[in-house]
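The structure appears below as structure tokens.
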Amino acid sequence: MALMFSLLSFSYILNGVFQSYNNKYTNQTLRRINKAIFLEK
1 MALMFSLLSF
11 SYILNGVFQS
21 YNNKYTNQTL
31 RRINKAIFLE
41 K
């Protein structure tokens, strides 16, 4: 039971880290695309 819980919390933390990293990367990409679109106009 304790092992299950620790595994669950570990995966939860890992998911949070991955999510934040993913968001940062996505934001950078979106900013780049927006900049390109803005410069084209």
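Counting from 1, one number per residue, gives the positions in the sequence shown under the UniProt record's numbering. The C-beta atom is built at its ideal place from N, Cα and C for all residues, glycine as well. It should be emphasised that the depicted structure is a prediction, and the values quoted were computed from it without experimental measurement.
Span of the alpha helix (DSSP H) around residue i
| i | result |
| --- | --- |
| residue 4 | 2 to 40 |
8 angstroms Cβ shell around residue i - same chain, five flanking residues per side excluded
| i | result |
| --- | --- |
| residue 23 | none |
Neighbourhood of residue i by C-beta distance below 6 angstroms, restricted to the same chain and skipping five residues each side
| i | result |
| --- | --- |
| residue 25 | none |
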